[in-house]
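Q: Have a look at this one.
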Amino acid sequence: MSPTITKIESREFEYPLEDVGTDKHGFNLVYAPGETTTRKLFGVRIHTDEGITGEYVGGNSPAAAQYNIVAQYLIGKDPLKREKHWSECKRALRKYDRMGIGPIDIALWDFAGKYYDAPIHELLGTYRERIPAYASTYHGDDAGGLDSPEAFADFAEECRDEGFGGFKIHGWGGGDDARSLDREIEAVHAVGEAVGDEMDLMHDPACELETFADALELGRALDEQGFFWYEDPFRDGGISQHAHKKLAQKLDTPILQTEHIRGLEIKSDFAANEATDFLRADPEYDAGITGAIKVARMAEAFGLDVEFHAPGPAQRHCIAACRNSNYYEMALVHPDCQNTQPPVYEGGYSDLMDAVDSDGTVSVPDGPGLGVEYDWGYIEDNTTGSVHTYE
Numbered sequence: 002m003s004p005t006i007t008k009i010e011s012r013e014f015e016y017p018l019e020d021v022g023t024d025k026h027g028f029n030l031v032y033a034p035g036e037t038t039t040r041k042l043f044g045v046r047i048h049t050d051e052g053i054t055g056e057y058v059g060g061n062s063p064a065a066a067q068y069n070i071v072a073q074y075l076i077g078k079d080p081l082k083r084e085k086h087w088s089e090c091k092r093a094l095r096k097y098d099r100m101g102i103g104p105i106d107i108a109l110w111d112f113a114g115k116y117y118d119a120p121i122h123e124l125l126g127t128y129r130e131r132i133p134a135y136a137s138t139y140h141g142d143d144a145g146g147l148d149s150p151e152a153f154a155d156f157a158e159e160c161r162d163e164g165f166g167g168f169k170i171h172g173w174g175g176g177d178d179a180r181s182l183d184r185e186i187e188a189v190h191a192v193g194e195a196v197g198d199e200m201d202l203m204h205d206p207a208c209e210l211e212t213f214a215d216a217l218e219l220g221r222a223l224d225e226q227g228f229f230w231y232e233d234p235f236r237d238g239g240i241s242q243h244a245h246k247k248l249a250q251k252l253d254t255p256i257l258q259t260e261h262i263r264g265l266e267i268k269s270d271f272a273a274n275e276a277t278d279f280l281r282a283d284p285e286y287d288a289g290i291t292g293a294i295k296v297a298r299m300a301e302a303f304g305l306d307v308e309f310h311a312p313g314p315a316q317r318h319c320i321a322a323c324r325n326s327n328y329y330e331m332a333l334v335h336p337d338c339q340n341t342q343p344p345v346y347e348g349g350y351s352d353l354m355d356a357v358d359s360d361g362t363v364s365v366p367d368g369p370g371l372g373v374e375y376d377w378g379y380i381e382d383n384t385t386g387s388v389h390t391y392e
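End of the sequence shown = 392 in this note's numbering, gap-free, step of one.
Here it is, written out as structure tokens:
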């Protein structure tokens, strides 16, 4: 008899980030001494009649809202038929961004690994078991942390000494006085001159720059310092194929796009139309491990690399099964405050800076499924009241 899904639980919880706040617009996380920011995530558990539970912690409120549309469909279904479920959920969520598929699909992969007593990367096809990592910073602040070009350069040197092979700037952006493009360009040169001969350097304005002209001006500074990639520069929201193709034509620094578009087809259009040099994938954002691996295989067919967004056990398994991926994003890091990892991991898994070995790599979990143990006691003790059960 095939296993059967009997119940799905989704539980919203919160956890604190100390000495972390937001910039003046309230969107970017920045160093803020004495402040505490509360972050919310979701714990998903898929129960089966085998007594094996598929689990995942992550996601956000818009994704969780979509569980209401697809979770009931899964009750009574075989959890091993991931490809079928992926296809049905993709159609069901066609009017939305389909991010609700991600956490559920990851939990189904976790179940499969536990069912077959194998880590997910083995089910996908293992290519490697250690992954090079880069340091991906918090946004620039004005609070004595990453508050100057020199501070970014000093932190890049610290990350180099910790073993990281790459360093990515999330700066201040451009536009008004608080988002001075001059300061952004100065940081590029300061970091490049400090560690450019020893590290791969990346820049991600996170769609802050106001105009194509600003994106071009900053990009030319990246060219001068030989940056590895240039990611999501300006206010198109990271979705315009035409604009990024034009930008790529005028710069030497490779463009990395597709974090903010959803789905295999539109990402393949970016590749086919030469609107990006690297593709971006994320198992949470891109309809799970199933969807993210489809993006990686598509990129390989185009002769392109795929870079996975954000840290996490699902990302590690995906990268472990890909030849055409360069780095693991250790985010967000800062010299004076913790990164954004939720305190829910038991058994030694970590996405803190010290998880990177002296050779600049992180390990891939080797236990069944995701290979991590979640502290459900912490999750339940910090539940916000948003709990949904489908059975």
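Yeah, the Cβ is synthetic: ideal placement off N, Cα and C, and Gly gets one too.
Exposed or buried, what is H243 when buried is set at 16 or more other beta-carbons lying within 10 Å of its beta-carbon?
A: Burial call: exposed.
Q: Only counting the same chain, and skipping five residues up and downstream in sequence, which positions put a Cβ closer than 6 Å to that of K8?
A: Excluding positions up to five away in sequence, the list reads H48, E392.
Q: So who's on the other strand from V357, going by DSSP bridges?
A: In the DSSP output, where bridge partners are listed per residue, V357 has none listed.
Q: To which residues of the same chain is H245 closer than 7 Å at the C-beta, ignoring the five residues directly before and after it?
A: Excluding residues within five positions, the ones whose Cβ falls inside 7 Å are I256, Q258, A276, T277.
Q: Distance check for F213 and V450, CA to CA, integer angstroms please.
A: An answer regarding residue 450 cannot be provided, because it is not within the stretch 2 to 392 covered by the chain.
Q: In this structure, how does DSSP classify P150 when only helix, strand and coil are distinguished?
A: Helix.
Q: Taking only beta-carbon atoms, is H26 less than 7 Å away from chain B?
A: Absent from the structure is chain B; it holds one protein chain and no more.
Q: If we require 3 or more residues per run, which beta strand (DSSP E) segments fall completely within the region 266-322?
A: Runs found: 279-282, 306-309.
Q: In or out: F28 buried (at least 16 other Cβ within 10 Å) or exposed?
A: Flag for F28 reads exposed.
Q: Output needed for F303: all residues of its chain with C-beta closer than 7 Å, excluding positions within five of it in sequence on either side, in chain order.
A: Same-chain partners within the cutoff: A272.
Q: With a CB to CB cut of under 8 Å and the five nearest residues on each side skipped, what residues in its chain are close to Y375?
A: Contacts found: G44, E56, V58, V345, Y346, E347.
Q: What is the DSSP secondary structure of G35, reduced to helix, strand or coil?
A: In this structure, G35 counts as strand in the three-state DSSP scheme.
Q: From H190 to N274, what does the alpha carbon distance come to, in whole angstroms?
A: Each residue's Cα considered, the two are about 31 Å apart.
Q: Just how far apart, CA to CA, sit A179 and A288?
A: Reliability of the predicted coordinates at A179 is poor, the pLDDT of 48 falling under 50, and no value is obtained from them.
Q: Starting from I170 and walking both ways along the alpha helix (DSSP H), at which residues does that stretch end?
A: Run containing I170: none in the alpha helix (DSSP H); it sits in the beta strand (DSSP E), 167-171.
Q: Inspect the beta-carbon positions of V196 and R161 and report whether they are closer than 7 Å.
A: It is a contact, given that the beta carbons lie within the stated cut-off.
Q: Relative to the alpha-carbon of P234, which residue among E225, G166, L217 has its alpha-carbon at the smallest distance?
A: Here the closest residue by C-alpha is L217.
Q: Could I get the ranges of all uninterrupted beta strand (DSSP E) runs contained in the region 89-144, with 3 residues as the minimum, in chain order?
A: Fully enclosed beta strand (DSSP E) runs of 3 or longer: 131-140.
Q: In three-state DSSP terms, what is P17?
A: Strand, per DSSP.
Q: Using only alpha-carbon positions, find the residue among D198, Y139, E51, P314 that is nearest to D20.
A: The shortest Cα separation from D20 among D198, Y139, E51, P314 belongs to Y139.
Q: What number of angstroms, rounded off, separates the C-alpha of C319 from the C-alpha of I70?
A: Taking the straight line from one Cα to the other gives about 26 Å.
Q: Let me know the secondary structure DSSP gives G349 once reduced to three states.
A: Residue state, collapsed to three classes: coil.
Q: With S62 as the anchor, note down where its alpha helix (DSSP H) starts and where it stops.
A: It spans 62-75 - the alpha helix (DSSP H) in which S62 sits, taken as one unbroken run.
Q: Out of A108, P133, I132, point me to the one whose CA is closest to I121's CA.
A: Among A108, P133, I132, the Cα nearest to that of I121 is on A108.
Q: When you compare only the Cα positions, how much space is there between G103 and I290?
A: Spanning the two alpha carbons is a distance of roughly 7 Å.
Q: Using only the alpha-carbon positions, how far apart do F14 and P80 sit?
A: So the alpha carbons of these two residues sit roughly 25 Å apart.
Q: Does DSSP put H204 in a helix, in a strand, or in coil?
A: Three-state result, H204: strand.
Q: Please go through the same chain and pick out, in chain order, the residues whose beta-carbon is closer than 7 Å to the beta-carbon of S359, but skip the five residues on each side of it.
A: Answer for S359: G164, listed in chain order.
Q: How far does the alpha helix (DSSP H) with G378 in it reach, from first residue to last?
A: Start and end: 377-382.
Q: Have a look at the DSSP bridge pairing and note the partners of I9.
A: BP columns for I9 point to I47, Y391.
Q: Is the beta carbon of Y128 less than 7 Å from the beta carbon of R281?
A: Result no, Cβ atoms of Y128 and R281 do not sit closer than 7 Å.
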